[in-house]
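Residue numbers (my numbering): 2 to 609.
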C-alpha cells in the first residue's frame with residue numbers, strides 16, 4: 002500500500018485556534034480500490050480504568066456536581082464527585098459482602114438512567130463485575146419480554162437492579178433472573194457508608210484491559226439483540242480517541258441528556274465523556290416525543306448545557322420551542338459550545354433555523370458536529386473535529402483506529418480495526434467470527450462516501466446500511482438511507498418518518514408517519530395532509546431519474562412504530578426491517594393490483 006498524508010491548507014490552522022485538531026488524514030491505497038484511513042494525531046491520555054476518572058475528580062473538584070436528576074417534586078437531586086466516589090466504594094464493598102465472589106457474574110440493570118444506576122454501574126466496574134444495562138422496555142412491555150428472557154438466560158446475573166419494585170414485579174420469576182439478588186435504591190443506601198476493605202482494593206487491582214466492563218445489547222435494528230462485550234481497554238481507548246481531536250473544556254462539560262444508558266451513545270459517550278472532563282450530567286427525564294419533550298425543555302432551561310448531542314428528531318422539536326420562547330432561547334445558548342447529532346442526517350431547514358437562532362442570540366453561528374459509531378466500537382469510528390457543514394457528513398477517523406473502505410458500487414462499506422473495537426459477542430462465538438474479516442477489521446455494515454474523492458481530508462458522509470439497501474426486480478439497487486432522507490427533505494414539515502418498500506418489486510413505495518404534533522382531529526385534515534404529501538412527492542419525482550430514485554405510491558400510517566414489536570429502538574430510530582415485517586399486509590396492499598383507497602399513487606414526473 003502507498004502511504005499518503007493529506008493535509009488541507011489554512012483551514013486547519015484556523016480550526017486549531019478554536020481547539021480542534023488539524024483536519025488531516027493518512028490514506029493508504031490498496032487493491033481493487035480499497036482505501037485505509039487513519040488519524041494523523043497520536044492517541045494519548047488513555048486511562049487504564051474508567052473509574053479512575055471518578056477518583057481523580059473527587060480529589061481535584063470534590064464539590065463539583067457529577068450527576069443530577071429530577072425528584073418527584075421536580076426539584077434537582079444532585080451528587081458531587083466526592084460523594085459519588087465514597088458511595089461507589091461503599092457499594093463495591095456491599096456487593097462483595099453480599100456474595101459477589103469475583104467469578105465475573107454480572108450486575109444487570111433494568112431501569113432507566115438515574116444517580117443510583119450510575120453509582121451501581123461504577124461500583125460494579127470498580128471490582129471487575131460486568132454491568133449489563135438492559136432496555137427498560139424489555140421488562141415493561143409484555144410484547145418485548147421475550148427479548149428479556151433471551152438476555153436473562155444468556156447472562157444469568159448475580160444481581161438485578163430496578164429503580165422501583167412494582168414495574169418489575171412481573172419479571173422477577175423470569176428464568177435466569179429468579180436466582181439473582183434483587184437490588185433497589187434503599188438496598189444501595191445501606192451500603193453507602195461502608196468502608197472499602199482490602200477485598201475491594203484486591204478486586205480493583207485485578208481489573209485489566211481485557212476485563213469485561215459492560216455487556217451492551219444492540220438495539221435489534223439489524224436483527225436480534227447481540228451482547229457486545231465492552232472491555233475496560235476498549236472503553237478507555239474509545240473515550241480518549243475523540244478527546245484528542247476535540248479537547249475537553251477547561252471546566253467540565255455540562256450535558257443535559259436523555260439518551261438511554263443501555264446504549265453506547267448515552268452509557269459510554271455521554272457518561273464517560275462527563276467523567277473524563279470532570280463535567281456535570283443532568284439526566285433528562287424527557288424524550289423527543291410529543292407530550293414528553295416539555296420535560297426536556299424544562300431540563301435544558303435549568304441545566305444550560307455546554308454540549309448537546311441528540312438525534313435529528315429532537316432538534317426538530319427543540320428549534321420550534323426556541324423560536325416561540327425567547328427566555329428559553331437565551332438560557333439554552335448562554336454557554337453552549339457545540340451541537341452534535343448522530344443516527345441520521347440533520348434536515349437542512351432545522352440546520353438553518355438553529356443557526357438563525359444562534360446568530361440572533363450570541364451574534365455568531367454555533368458549531369455543529371456529527372459522528373459515526375456503533376455499540377461494537379464503544380462508540381467511536383469517525384467524528385467531525387471541525388464545524389460541520391451537514392449533508393450527511395460524519396467526519397474522519399478518531400485517533401488510534403484504522404478504517405478500511407471497500408468499494409460497493411458508488412460508495413464504500415466501512416470496516417474498523419483498533420483498540421476501541423469489541424473482542425466479540427458474549428456467548429456467541431459464531432456471531433463473533435462472522436463480524437470480523439480476515440484482517441481483523443470489524444464489519445460495521447454501514448456505507449459511506451467521500452465528501453470529495455480528490456480531497457479525502459474533507460471526510461466521509463453517511464450513505465446508508467448494507468442490510469437496508471435492496472434490489473428491485475430489474476436488479477438495480479435502492480440506496481435506502483439516501484432515498485429515505487431525500488423523501489423526508491422533500492416532504493418537510495409534513496412527514497415525521499418514512500419506511501421504503503420494494504424488494505424484488507418494479508418500483509419503490511413508501512409508508513409515512515405524519516410529523517409529530519400534526520393536528521388531524523378535523524374531519525378533512527387527513528385528506529388535506531394526504532393531498533399535500535402527494536404534491537410534494539410529485540415534485541420530488543420530477544427531479545429524480547429511474548425507479549430507484551422515485552416514489553411510485555405511498556400510504557400514511559396513523560399508529561406509531563412499536564418499541565415492543567421491534568419497529569423502533571428506544572433511542573427513537575425506526576427499524577425499517579421491523580416495520581416491513583410487522584406490517585407486511587400493508588406492504589402487500591401497496592403493491593396490490595387493486596389497492597385500498599389508503600394507497601395513493603404518485604405521478605412519476607410531476608404530472609397532476
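Backbone N, C-alpha and C define an ideal beta-carbon position, used for all residues, glycine too. Just so it is clear, the structure is predicted and the values come from calculations on it, not from any experiment.
{"query": "Taking the straight line between their C-alpha atoms, what separation do you get for residue 286 and residue 330?", "result": "20 angstroms"}
{"query": "Hey, residue 35 and residue 407 are a contact pair by Cβ (cut 8 angstroms); roughly how many whole angstroms apart?", "result": "6 angstroms"}
{"query": "Please list the terminal residues of the continuous alpha helix (DSSP H) segment that includes residue 94.", "result": "82-98"}
{"query": "Could you say which of 156, 565, 592 and 173 lies nearest to residue 142 if we only look at CA atoms?", "result": "565"}
{"query": "Going by DSSP, name the residue or residues bridged to residue 465.", "result": "According to DSSP, residue 465 bridges with nothing at all."}
{"query": "Rounded to whole angstroms, what is the Cα-Cα separation between residue 523 and residue 559?", "result": "15 angstroms"}
{"query": "What is the DSSP secondary structure of residue 439, reduced to helix, strand or coil?", "result": "coil"}
{"query": "Just the C-alpha distance for residue 367 and residue 353, rounded to the nearest angstrom, thanks.", "result": "11 angstroms"}
{"query": "Quick one: grab the DSSP three-state call for residue 312.", "result": "coil"}
{"query": "Which first and last residues belong to the beta strand (DSSP E) in which residue 71 is found?", "result": "66-71"}
{"query": "Could you name the residues of the same chain whose beta carbon sits closer than 8 angstroms to that of residue 179, not counting the 5 residues immediately before and after it, in chain order?", "result": "173"}
{"query": "Please say whether residue 601 and residue 384 have beta carbons closer to each other than 9 angstroms?", "result": "no"}
{"query": "Kindly provide the ranges of any alpha helix (DSSP H) runs that are 4 or more residues long and lie completely inside the stretch 500-567, ordered along the chain.", "result": "526-543"}
{"query": "Are there three or more Cβ pairs, one per stretch, closer than 8 angstroms when the stretch 451-464 is compared with the stretch 495-513?", "result": "no"}
{"query": "Which of the three DSSP states, helix, strand or coil, is assigned to residue 3?", "result": "Per-residue confidence for residue 3 stands at a pLDDT of 41, beneath the threshold of 50, marking its modelled position as unreliable; the derived number appears in the next sentence. The answer is strand: DSSP assigns residue 3 an E or B state."}
{"query": "Going residue by residue through the stretch 227-297, where are the continuous alpha helix (DSSP H) segments of at least 4 residues, counting only ones entirely within it?", "result": "233-244 and 272-278"}
{"query": "Report the rounded CA-to-CA distance for residue 102 versus residue 213, giving the unit in angstroms.", "result": "15 angstroms"}
{"query": "Identify the continuous alpha helix (DSSP H) that holds residue 363 and give its terminal residues.", "result": "349-363"}
{"query": "Look up residue 205 in the DSSP assignment and say whether it is helix, strand or coil.", "result": "helix"}
{"query": "By alpha-carbon positions, which one of 66, 56 and 551 ends up nearest to residue 479?", "result": "551"}
{"query": "So is residue 576 buried or exposed if we call it buried at 16+ other beta carbons inside 10 Å?", "result": "buried"}
{"query": "Go ahead and label residue 43 buried or exposed: buried means 16 or more other beta carbons lie within 10 angstroms of its beta carbon, across all protein chains shown.", "result": "exposed"}
{"query": "For residue 392, does the three-state DSSP call read helix, strand or coil?", "result": "coil"}
{"query": "Alpha carbon to alpha carbon, what distance is there between residue 272 and residue 257?", "result": "11 angstroms"}
{"query": "Pick helix, strand or coil for residue 427, following the three-state DSSP scheme.", "result": "coil"}
{"query": "Between the C-alpha atoms of residue 194 and residue 183, what's the straight-line distance to the nearest angstrom?", "result": "20 angstroms"}
{"query": "Do you know whose CA, among 197, 237 and 71, lies nearest residue 282's CA?", "result": "71"}
{"query": "My understanding is that residue 313 touches residue 113, with C-beta atoms under 8 angstroms, so please give their C-beta distance in whole angstroms.", "result": "So it is not a contact: roughly 22 angstroms between Cβ atoms."}
{"query": "Specify, as a first and last residue, the run of the beta strand (DSSP E) that residue 1 falls within.", "result": "Beyond the ends of the chain as shown, which are 2 and 609, falls residue 1; an answer cannot be given."}
{"query": "Under 6 angstroms Cβ to Cβ from residue 52, same chain only, skipping five residues before and after it: list those, please.", "result": "123, 126 and 127"}
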